[in-house]
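K.L.:
Below is one structure. I have some questions about it.
Numbering (full-length UniProt numbering), first residue to last: 1 to 327.
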């Protein structure tokens, strides 16, 4: 198993057999950002006995307060193992300070801007080097938002992205009090007192999030805020993205509502975009929620096969309800 790279230092942390799955865990140290201590962990899933016949690479990005277990449970269940068993070459990324990725020196300052500008390109380059192919990307919630930032900022290009699927990702939900400068300033002063937002205390997930993400979000949603950083308007840049894009929203998602997920998609070129709403009205078992859109028995039966279909053809069935019933 290759554990080195011509790009930057890489260590093969472990190579295990988990039932029918092979699990190779890599630690990358790209050294490409202002904080040289950043290390990122990638878990590669394959099927035992089929290592030499891996299919197209797919990179999975978790959302906030999460880690690789969103895609891959200790029992070998999840969208990651499902796609590996379907023949895809699965790479599960863990962002700075999440899961197996250690906290970097300036962890509290981490922002989507850092993930998008430095981390995702390094991950893409390593996967391209290891596989010799351009990967597909799937992001959930903040993972999808980060992916949109990388595309809109042109930090990821056609040589690094074959297609994109965004699940429950948006940046348009408005928090009107933040449009009042005194409220934004007060919120910023309050947040700066903390190092992290605790996922366990907030009952949002198993991981913490650096306070830099919250401060960045305040700026996005402020009176003159925009989806971007001081150097680049990511929102405007999305209109120039040539790769196929799928946006998936869930009718029962109160955190990232359908209309906002659709608005993010509509910023991409019309000829390359596709939209799917997981709702009873569209023929699904029910109105899915923010997490349930990818986790649970209904998702396993209804959503995962559609993801595999998208990765194979970059298309969805014309009649979703008919396809689900046939499956």
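For each residue, glycine too, the CB sits at the ideal point set by N, CA and C.
Any idea which residues DSSP pairs residue 27 with across the strands?
P.N.:
Along the chain shown, read from residue 1 onward, the residue named residue 27 stands at position 27. Residue pairing by DSSP places residue 27 opposite 11, 41 in a beta bridge.
K.L.:
Give the DSSP-derived three-state secondary structure of residue 71 in the structure shown.
P.N.:
Walking along the chain shown from the start, residue 71 turns up at place 71. DSSP places residue 71 in coil when its eight states are reduced to three.
K.L.:
The beta strand (DSSP E) with residue 248 in it runs from where to where?
P.N.:
Here residue 248 refers to the residue found at position 248 of the chain shown. Looking at the DSSP string, the run of the beta strand (DSSP E) that includes residue 248 is 245-250.
K.L.:
Counting pairs of Cβ atoms below 8 Å between the segment 5-23 and the segment 72-92, do you hit three or more?
P.N.:
yes
K.L.:
Taking its Cβ as the centre, do 16 or more other Cβ atoms sit within 10 Å of residue 23, making it buried, or is it exposed?
P.N.:
As a working mapping, residue 23 is identified with position 23 in the chain shown. Looking at its Cβ environment, which holds 16 or more other Cβ atoms inside 10 Å, residue 23 is buried.
K.L.:
Measuring CB atoms only, is the segment 96-116 touching the segment 144-155, in the sense that at least three cross pairs come out at less than 8 Å?
P.N.:
yes
K.L.:
Provide the residue span of the beta strand (DSSP E) that contains residue 278, from first to last.
P.N.:
Locating residue 278 in the chain shown gives position 278, counting from the first residue. 273-278 is the extent of the beta strand (DSSP E) around residue 278.
K.L.:
Please state whether DSSP places residue 185 in a helix, a strand or coil.
P.N.:
Stepping through the chain shown from its first residue, residue 185 is reached at position 185. Reliability fails at residue 185, whose pLDDT of 48 lies under 50, so the model's placement of it is uncertain and the value that follows must be treated cautiously. The answer is helix: DSSP assigns residue 185 an H, G or I state.
K.L.:
Evaluate residue 66 with the Cβ neighbour count: other Cβ atoms within 10 Å of its Cβ, from every protein chain shown; 16 or more gives buried, anything less gives exposed.
P.N.:
Position 66 of the chain shown, counting from 1, holds the residue named residue 66. Classification for residue 66: buried.
K.L.:
What are the partner residues of residue 16, as DSSP defines its beta bridges?
P.N.:
Mapped onto the chain shown, residue 16 falls at position 16. Note: residue 16 sits in a beta bridge opposite 23.
K.L.:
If you measure between the beta carbons of residue 89 and residue 58, is that distance less than 8 Å?
P.N.:
Along the chain shown, read from residue 1 onward, the residue named residue 89 stands at position 89. Along the chain shown, read from residue 1 onward, the residue named residue 58 stands at position 58. Contact: yes.
K.L.:
Do residue 260 and residue 287 have their CB atoms nearer than 8 Å?
P.N.:
The sequence position of residue 260 within the chain shown is 260, counting from 1. The sequence position of residue 287 within the chain shown is 287, counting from 1. No, the pair does not count as a contact, with Cβ atoms beyond the cut-off.
K.L.:
Under a three-way DSSP split, which group does residue 329 fall into?
P.N.:
The shown model of the chain, from 1 to 327, leaves out residue 329, and the question about it has no answer.
K.L.:
Under a Cβ-count criterion, where at least 16 other Cβ atoms within 10 Å of its own Cβ denotes burial, should residue 280 be classed as buried or exposed?
P.N.:
Here residue 280 corresponds to residue number 280 of the chain shown, with the count starting at 1. With fewer than 16 Cβ atoms within 10 Å of its Cβ, residue 280 is classed as exposed.
K.L.:
Taking just the CA atoms, how far does residue 197 sit from residue 352?
P.N.:
Outside the shown range of the chain (1 to 327) lies residue 352, about which nothing can therefore be said.
K.L.:
Hey, residue 116 and residue 136: beta-carbon distance below 8 Å or not?
P.N.:
Against the chain shown, residue 116 aligns to sequence position 116. Against the chain shown, residue 136 aligns to sequence position 136. Result no, Cβ atoms of residue 116 and residue 136 do not sit closer than 8 Å.
K.L.:
At the level of alpha carbons, what is the spacing between residue 4 and residue 28?
P.N.:
The residue you call residue 4 lines up with position 4 of the chain shown. The residue you call residue 28 lines up with position 28 of the chain shown. Answer to the nearest angstrom: the Cα atoms are 10 Å apart.
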